[in-house]
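A quick write-up on the structure given underneath.
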Amino acid sequence: MELGRLEYLQALVTEFQVTDSTGNKCRGSLALSVSSVSSHTRPFSLAEAKEQVLANLANFAYDPSNYEYLQQLQVLDLFLDMLTEDNETLVEFAMGGLCNLCLDKTNKEYILEANGVEPIINCLSSSNEETVVSAVTTLMFLTTPRSRTQTTALPVVECMLRFSLSANTRLSNLASIFLQDYCSPLQVEEARNLSRHTAVGIPLPKD
Numbered sequence: 031m032e033l034g035r036l037e038y039l040q041a042l043v044t045e046f047q048v049t050d051s052t053g054n055k056c057r058g059s060l061a062l063s064v065s066s067v068s069s070h071t072r073p074f075s076l077a078e079a080k081e082q083v084l085a086n087l088a089n090f091a092y093d094p095s096n097y098e099y100l101q102q103l104q105v106l107d108l109f110l111d112m113l114t115e116d117n118e119t120l121v122e123f124a125m126g127g128l129c130n131l132c133l134d135k136t137n138k139e140y141i142l143e144a145n146g147v148e149p150i151i152n153c154l155s156s157s158n159e160e161t162v163v164s165a166v167t168t169l170m171f172l173t174t175p176r177s178r179t180q181t182t183a184l185p186v187v188e189c190m191l192r193f194s195l196s197a198n199t200r201l202s203n204l205a206s207i208f209l210q211d212y213c214s215p216l217q218v219e220e221a222r223n224l225s226r227h228t229a230v231g232i233p234l235p236k237d
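The sequence shown: position 121 = 151 (this note's numbering), numbered continuously.
Shown next, in the form of structure tokens:
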């Protein structure tokens, strides 16, 4: 059964192993292909094919028993690369996959070593609620004594203050937890002072 699981994950990742029509390559020598992923009532477009495969991989990231296989298949690199895509659906699935994977200590360390914090912070400006929620949660999971200066940098704390005032209860509650559990009172006060003197900040996601 375990061999079958690895083979299935490998088949999914194979969808990303050939250079795509734009000639772009992914981190870790992974790339995107246009091949079909399943039978469907109509042919998948390139974007839909990518979304389908990435959604499947993100779903498998929920299960800790898949962590070793996903590490072996360089799926963390694939997710990190997708964070800079223009397609918001791809970013959403990639961010969700990373959120699931960073619960594992090995995965957490890999993301930190791969300079993954910056692109995750950039996802806070997404207009997609799911992407933003996953990004906030991932920053929580990635916070360690060593990474705290990045994950709770002043612009991040200022962003969380704004999120905490959102009419979106899900987002405001999550941001409040971030401020209370991961930020010092001094950091919060400094961010409040920044907010009073500037109207520029990370925009709230669309409802």
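Beta carbons: idealized from backbone N, C-alpha and C, even for Gly.
Of all the options the options, which has the alpha carbon lying nearest to the alpha carbon of residue i?
i: E35; options: L76, F90 and A77; result: Here the sequence assigns Arg to residue 35, which means Glu is not the residue at that position. The shortest C-alpha separation from R35 is found at F90.
i: L209; options: S157, T181, R226 and Q82; result: T181
i: L10; options: S214, F109, V163 and T114; result: The displayed coordinates of the chain run from 31 to 237. Any statement about residue 10 would go beyond what the structure contains.
i: F109; options: K135, S164 and S155; result: S164
i: C189; options: T114, L120 and L204; result: L204
i: S155; options: R192, Y212 and S75; result: R192
i: G126; options: N158, V218 and E45; result: N158
May I have the straight-line CA-CA distance separating residue i from residue j, to the nearest angstrom?
i: Y140; j: N86; result: 21 Å
i: N137; j: L131; result: 6 Å
i: A41; j: Q104; result: 13 Å
i: V187; j: Q82; result: 34 Å
i: Y99; j: N223; result: 46 Å
i: E160; j: V166; result: 10 Å
i: T44; j: V162; result: 28 Å
i: S65; j: C153; result: Confidence is the limiting factor: at S65 the pLDDT is only 38, short of 50, which leaves the residue's position unreliable and the question unanswerable from this model.
i: E148; j: L128; result: 13 Å
i: T107; j: T173; result: In the sequence as presented, Thr is not what sits at residue 107; that position holds Asp. If you take the alpha carbons of D107 and T173, they lie about 20 Å apart.
Where does the unbroken alpha helix (DSSP H) through residue i begin, and where does it stop?
i: Q210; result: T199 to Y212
i: E251; result: What the structure shows of the chain is the stretch from 31 to 237, and residue 251 is not part of that stretch, so it cannot be assessed.
i: A144; result: No alpha helix (DSSP H) contains A144, which DSSP labels as neither H nor E.
i: N130; result: E118 to L131
i: L106; result: V105 to M112
i: L100; result: Y97 to Q102
Using 10 angstroms around the beta-carbon of residue i, count the other beta-carbons present and answer buried if the total reaches 16, otherwise exposed.
i: K80; result: buried
i: D93; result: exposed
i: E118; result: exposed
i: D116; result: exposed
i: N96; result: buried
i: Q102; result: exposed
Answer yes or no: does any C-beta atom of chain B fall closer than 7 Å to that of residue i?
i: V105; result: The structure shown contains no chain B, having only a single protein chain.
### Task
Return the chain-ordered ranges of every alpha helix (DSSP H) run that is complete within the segment 168-200 and spans a minimum of 4 residues.
Complete alpha helix (DSSP H) runs here, min 4: 178-181 and 184-194.
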